[in-house]
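Have a look at the structure below, then the notes.
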Amino acid sequence: MFEERDLRARLEMSVNYIIELMLNPDNCIHSDYTSDSEDAPIILCNAKLASAVRKQLAPSIRDLIQHGLMPVS
Numbered sequence: 019m020f021e022e023r024d025l026r027a028r029l030e031m032s033v034n035y036i037i038e039l040m041l042n043p044d045n046c047i048h049s050d051y052t053s054d055s056e057d058a059p060i061i062l063c064n065a066k067l068a069s070a071v072r073k074q075l076a077p078s079i080r081d082l083i084q085h086g087l088m089p090v091s
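Given below as structure tokens:
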């Protein structure tokens, strides 16, 4: 039961951090480089947000789902 609370708390902290990052976005970096098409500029935005989703939010969701798949004894 405590493990489930820890997993839910970690998910909640991850979600709150993602929300905070979304409310305060980094400035976008626009690059003039294009590989094949001059009509499609490359835009690199908010690497911090993408990293937080990959490293915090996704693992938190995965762990909570895995916990839910465990058999009840």
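So the sequence shown is numbered by the numbering used here: it starts at 19 and just counts up by one. Where is the CB? At the ideal position from N, CA and C, for every residue including glycine.
**Item:** Cβ-based burial, S69 [other Cβ within 10 Å; buried from 16]
**Value:** In summary, S69 is exposed, with fewer than 16 beta-carbon neighbours lying within 10 Å of its beta-carbon over all protein chains present.
**Item:** Residue from M31, L67, A27 whose Cα sits closest to the Cα of N42
**Value:** Residue nearest to N42 within the set M31, L67, A27 is L67 (criterion: CA-CA distance).
**Prompt:** To the nearest angstrom, how far is it from the Cα of A58 to the Cα of L87?
**Reply:** Because the pLDDT at A58 is just 47, under 50, the model does not fix this residue reliably, and the value given afterwards should be weighed accordingly. One C-alpha to the other measures close to 43 Å.
**Asked** Which first and last residues belong to the alpha helix (DSSP H) in which Q84 is found?
**Response** Start and end: 76-87.
**Item:** Inter-residue spacing [alpha-carbon to alpha-carbon] between H85 and R23
**Value:** When rounded, the distance between both Cα atoms is 11 Å.
**Prompt:** In whole angstroms, what separates the C-alpha of K73 from that of R28?
**Reply:** Distance between the alpha carbons of K73 and R28 is about 12 Å.
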